[in-house]
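Heads up, the thing below is written out as structure tokens.
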Amino acid sequence: MASSLRISRLLSRSSSSSSFFSLGGNGKLGRRVSKYSTSAAATIEEPIKPSVEVQHTQLLINGKFIDAASGKTFPTLDPRTGEVIAQVSEGNGEDVDRAVAAARKAFDEGPWPRMTAYERQKIMLRAADLIEKHNDEIAALETWDNGKPYEQSAKVEVPMLVRQIRYYAGWADKLQGHTIPADGALHVQTLHEPIGVVGGNGKLGRRVSKYSTSAAATIEEPIKPSVEVQHTQLLINGKFIDAASGKTFPTLDPRTGEVIAQVSEGNGEDVDRAVAAARKAFDEGPWPRMTAYERQKIMLRAADLIEKHNDEIAALETWDNGKPYEQSAKVEVPMLVRQIRYYAGWADKLQGHTIPADGALHVQTLHEPIGVVGQIIPWNFPLLMFAWKVGPALACGNTIVLKTAEQTPLSALYVANLFLEAGLPAGVLNIVSGFGPTVGAALASHMHVDKLAFTGSTETGKAVLQLAAKSNLKTVTLELGGKSPFIVCKDADVDQAVELAHLALFFNQGQCCCAGSRTFVHESIYDEFVAKAKARALSRVVGDPFKSGIEQGPQMTRLYPNNFVFDPNNQIDSKQFDKILGYIKSGVENGATLEAGGDRFGNKGYYVQPTVFSNVQDNMAIAKDEIFGPVQSILKYKDLDEVIHRANNTAYGLAAGVFTKDIDTANTLTRALKAGSVWVNCFDIFDAAIPFGGYKMSGQGREKGEYSLKNYYQVKAVVTPLKNPAWL
Numbered sequence: 001m002a003s004s005l006r007i008s009r010l011l012s013r014s015s016s017s018s019s020f021f022s023l024g025g026n027g028k029l030g031r032r033v034s035k036y037s038t039s040a041a042a043t044i045e046e047p048i049k050p051s052v053e054v055q056h057t058q059l060l061i062n063g064k065f066i067d068a069a070s071g072k073t074f075p076t077l078d079p080r081t082g083e084v085i086a087q088v089s090e091g092n093g094e095d096v097d098r099a100v101a102a103a104r105k106a107f108d109e110g111p112w113p114r115m116t117a118y119e120r121q122k123i124m125l126r127a128a129d130l131i132e133k134h135n136d137e138i139a140a141l142e143t144w145d146n147g148k149p150y151e152q153s154a155k156v157e158v159p160m161l162v163r164q165i166r167y168y169a170g171w172a173d174k175l176q177g178h179t180i181p182a183d184g185a186l187h188v189q190t191l192h193e194p195i196g197v198v199g200g201n202g203k204l205g206r207r208v209s210k211y212s213t214s215a216a217a218t219i220e221e222p223i224k225p226s227v228e229v230q231h232t233q234l235l236i237n238g239k240f241i242d243a244a245s246g247k248t249f250p251t252l253d254p255r256t257g258e259v260i261a262q263v264s265e266g267n268g269e270d271v272d273r274a275v276a277a278a279r280k281a282f283d284e285g286p287w288p289r290m291t292a293y294e295r296q297k298i299m300l301r302a303a304d305l306i307e308k309h310n311d312e313i314a315a316l317e318t319w320d321n322g323k324p325y326e327q328s329a330k331v332e333v334p335m336l337v338r339q340i341r342y343y344a345g346w347a348d349k350l351q352g353h354t355i356p357a358d359g360a361l362h363v364q365t366l367h368e369p370i371g372v373v374g375q376i377i378p379w380n381f382p383l384l385m386f387a388w389k390v391g392p393a394l395a396c397g398n399t400i401v402l403k404t405a406e407q408t409p410l411s412a413l414y415v416a417n418l419f420l421e422a423g424l425p426a427g428v429l430n431i432v433s434g435f436g437p438t439v440g441a442a443l444a445s446h447m448h449v450d451k452l453a454f455t456g457s458t459e460t461g462k463a464v465l466q467l468a469a470k471s472n473l474k475t476v477t478l479e480l481g482g483k484s485p486f487i488v489c490k491d492a493d494v495d496q497a498v499e500l501a502h503l504a505l506f507f508n509q510g511q512c513c514c515a516g517s518r519t520f521v522h523e524s525i526y527d528e529f530v531a532k533a534k535a536r537a538l539s540r541v542v543g544d545p546f547k548s549g550i551e552q553g554p555q556m557t558r559l560y561p562n563n564f565v566f567d568p569n570n571q572i573d574s575k576q577f578d579k580i581l582g583y584i585k586s587g588v589e590n591g592a593t594l595e596a597g598g599d600r601f602g603n604k605g606y607y608v609q610p611t612v613f614s615n616v617q618d619n620m621a622i623a624k625d626e627i628f629g630p631v632q633s634i635l636k637y638k639d640l641d642e643v644i645h646r647a648n649n650t651a652y653g654l655a656a657g658v659f660t661k662d663i664d665t666a667n668t669l670t671r672a673l674k675a676g677s678v679w680v681n682c683f684d685i686f687d688a689a690i691p692f693g694g695y696k697m698s699g700q701g702r703e704k705g706e707y708s709l710k711n712y713y714q715v716k717a718v719v720t721p722l723k724n725p726a727w728l
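Going left to right, the sequence shown walks through residues 1 to 728 as the UniProt record's numbering numbers them.
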């Protein structure tokens, strides 16, 4: 009965009509071929000829359709008539040998087991999309060859095939091993590997650009982005609307300080409207009530649309933020797509447990969405932070009110519209642009927001946590500041270490909370390292981020346009540019050696020369404070005990880097460093499945990976007495 009800529901959900078999009528409980009630003695009418062509009848070996080695064929018959549908190649042992040899070579030497899990996932998802597209043809072949009702084939079995492929595609990047706390001084981990030999090579670190040119280039006339700003209003309840006050604020081009667009300026009243929409969408709407598979499909459609509009989104990100276009287009938008697909894959895998409690009890846990989630994202990675927060919240079935950074609202609004286009119900994702003291504070203190996630400075994080506690004790996830050590050991290849340390600090104009801003170098290679780090900084390409080959654009801060009147109560200037130059000045005044850079770059926009200091001491401001700019501080150390103590002597604990050839040194440092992420011989690895978050004052909770899902669901224990249980 249960299976027939399930199939009946699936049949009733489908509104597609068949052009392959004409079956007038509707399915009722169980399975029905037609709407007529007739006796078994009824006459079978002339069979309907399926309007589908049999295209493939050969064997599929090594990616090609080929005849059997023997040349033999056998007929596949129409069970309605016994007539031959087609002659199919008849394989034998020799063909099995050929097929196994092809599969063995593909496994031992081919790309499939060696490509990333995400690449396998994408291929499987594309296959599912193609199967769905050809639903009617496949269903017709199934019915013609098998005899089952066409409605069953078209409305149940082909959709279930698609469902299965998407389900397992979602698992591809979630086959995680474990680390095991074994007895003794051992590092033990399990790996889940396919059956056979697996190999693959990786390269050191990550590079955004392949170019190396002089940092002394002149800033030319800014390139005009070929993208139109489409969305500047607030997104509330599925519609773009003006702020309640009617106010707007300018978002500015950091290359020039000129206005890109006027953006609606939300306030507490707008937060109330957005929260009310999210509350209704959660309490009464379809999103938390639809199947996890339906949520997954909407998220996958959104990811496809984002991928389709990669270039426009990347242009908005670079225009509004100043980061190199190549970074936006080749790294950050693809990573946004990757994150959304990753969390879409989790939507139908949030499984509770059954618990063997004492006594005659049935005990189970349920993972339920929290409700209305408030999210506040920063300006340094608008797209990635959008993905890190929105992805897991949606996968778990929550509704969202998101505050963009006032400096960079454009790309998130564009992407949110693509979610609506993908079918996200109204009220599920709301965006209120505005300022921290108004929108941010209202969101953090709102009595109808059930959970808050914040990324930003440590000081603001403290304020957010206080507001959340004073209101309704909403749970809070914080990803805050850092002052990460990058430790270069005495056995390091200096050239490689210099390049990786350069990436660790200067990536994204140094505007990374996890930037390796304290470069500790062993005394035996210190002088060589400093000389090469200086040369690398001087060769760094600085300029218009829309120009090909640019490694570093302007800092994310603001020049006011000539006609803009500054309002101290409506601050849009974080003065980040002045802050960076101030720290550089303090480094010189405190006795550090300025090896490279040290000033603004050009006379227009917020460009800073790539700057390197040597002979830096731990008590200097440039070694203690989060500068958030392209300023590398190189410190000297003697031994591991010393560098461990100094690296950990900070209020922060977000990340750390280690560069060594020695596995024992790596194991010692990775366990001794008090940081949420430790990268060994690499840096800034932000795979969707890897958790990210800080120790100490760098935050609480984790983002990305399976761990982030725990931020967005609640665990409910359900206990039911059992009468006459079989095993008790």
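Backbone N, C-alpha and C fix where the C-beta goes; we use that ideal spot for every residue, glycine too.
query                                                                                                        : result
The segment 429-437 contacting the segment 397-407, beta-carbon criterion three pairs below 8 Å              : yes
Ranges of the alpha helix (DSSP H) found wholly within the segment 448-510, counting only runs of at least 4 : 458-471 and 494-506
Residues that Thr251 bridges to, as DSSP identifies them                                                     : Ala261
Residue nearest to Asn648 in terms of C-alpha spacing, selected from Lys624, Val476 and Phe628               : Lys624
Segment limits, alpha helix (DSSP H) that includes Ser708                                                    : Gly705 to Leu709
Where Pro725 sits in the DSSP three-state scheme                                                             : coil
Per-residue burial, Lys122 [other beta carbons within 10 Å of its own, 16 or more giving buried]             : buried
Contact check, Ala441 vs Leu467, beta carbons under 8 Å                                                      : yes
Inter-stretch contact (C-beta, 8 Å, three-pair minimum) for the segment 497-506 and the segment 676-685      : yes
Under the three-state DSSP convention, the category Thr593 falls into                                        : strand
C-beta contact flag for Ser433 and Ser245 at 8 Å                                                             : no
The alpha helix (DSSP H) enclosing Asn417, as first and last residue numbers                                 : Leu410 to Glu421
Backbone CA spacing between residue 768 and Ile525 [nearest angstrom]                                        : Because the chain is modelled from 1 through 728, residue 768 falls outside the range shown and cannot be assessed.
C-beta contact flag for Ile550 and Gly629 at 8 Å                                                             : no
Cβ-Cβ distance between Arg279 and His448 below 8 Å                                                           : yes
Bridge-paired residues (DSSP) for Gly657                                                                     : Phe486 and Trp679
Residues that DSSP places opposite Ala446 in a beta bridge                                                   : Correcting the residue identity first, residue 446 is His in this sequence and not Ala. Answer by DSSP bridge pairing: none, since His446 is not bridged.
Beta-ladder partner(s) of Gly699, from DSSP                                                                  : Glu479
Enclosing beta strand (DSSP E) for Ile525 [first to last residue]                                            : From DSSP, Ile525 is part of no beta strand (DSSP E); its letter is neither H nor E.
Which residues DSSP lists as bridging Lys403, in chain order                                                 : Ile376
Test item: CB-CB of Thr519 and Leu635 under 8 Å                                                              : yes
Asn195 to Gln375 span [Cα, whole Å]                                                                          : The sequence given here has Ile at residue 195, not Asn. Those two C-alpha atoms are separated by around 42 Å.
C-beta contact flag for Ile260 and Thr248 at 8 Å                                                             : no
Residue interval of the beta strand (DSSP E) (run including Glu368)                                          : Leu361 to Pro369
Identity of the residue in Gly653, Ala281, Gly371 and Lys575 nearest Asn711 by Cα                            : Gly371
Selection from Val542, Val188 and Ala140 that minimises the alpha carbon distance to Asp599                  : Val542
The segment 353-367 touching the segment 381-395, judged by at least three CB pairs closer than 8 Å          : no
Cβ-based neighbour list, Cys396, same chain, cut-off 7 Å, excluding 5 preceding and 5 following              : Leu350, Pro369, Leu709, Tyr712 and Tyr713
Distance, Leu418 Cα to Leu305 Cα                                                                             : 6 Å
C-beta contact flag for Thr665 and Cys489 at 8 Å                                                             : yes
Segment contact flag, the segment 584-600 with the segment 645-663, C-beta cutoff 8 Å, min 3 pairs           : no
Cutoff 6 Å; reference Leu125; Cβ partners in own chain excluding five residues on either side                : Ala169
Residues near Asn615 by beta carbon distance below 7 Å, same chain, minus five either side                   : Ala592 and Thr593
Unbroken beta strand (DSSP E) run spanning Pro75, endpoints                                                  : Thr73 to Leu77
Per-residue burial, Thr291 [other beta carbons within 10 Å of its own, 16 or more giving buried]             : exposed
C-beta neighbour in chain B for Ser708, strict 8 Å                                                           : The structure shown contains no chain B; it is built from a single protein chain.
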